[in-house]
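Working notes, structure below.
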Amino acid sequence: MKKPITKKKTLDLFVKGVFIYFILFVCVGWITYWIKGDVPESLIQFGLGGGTIELACMAAIEILTNKKVEKKDDEMVD
Numbered sequence: 000m001k002k003p004i005t006k007k008k009t010l011d012l013f014v015k016g017v018f019i020y021f022i023l024f025v026c027v028g029w030i031t032y033w034i035k036g037d038v039p040e041s042l043i044q045f046g047l048g049g050g051t052i053e054l055a056c057m058a059a060i061e062i063l064t065n066k067k068v069e070k071k072d073d074e075m076v077d
């Protein structure tokens, strides 16, 4: 009656980590703005740039993994 425990994909954990990263980034940006009264430009520049690189790498991993699986399926059919 219990659901079988499935192993979480590594990519899912990365996506959740990036999501938490962006939430913390927004919170730190708001706090910096309230304390200094100025837009934290360096935080925005490096924070958003780092998150974008992580998401691009994860997209590449997903695409390459899908191609590898498709290639393996094609070889099994032949």
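The numbering of the sequence shown is numbering that gives the first Met the number 0, which starts it at 0 and goes up by one.
Cβ coordinates follow ideal geometry from the N, Cα and C atoms, glycine included.
As the structure is a computational prediction, the values presented were derived from the model and not from experiment.
With contacts defined as CB atoms closer than 7 Å, M57 and L10 qualify as a contacting pair. In the DSSP annotation of this structure, D37 is not part of any alpha helix (DSSP H), being labelled neither H nor E.
Closest in C-alpha terms to G16, from the list I30, E53, C26, comes E53.
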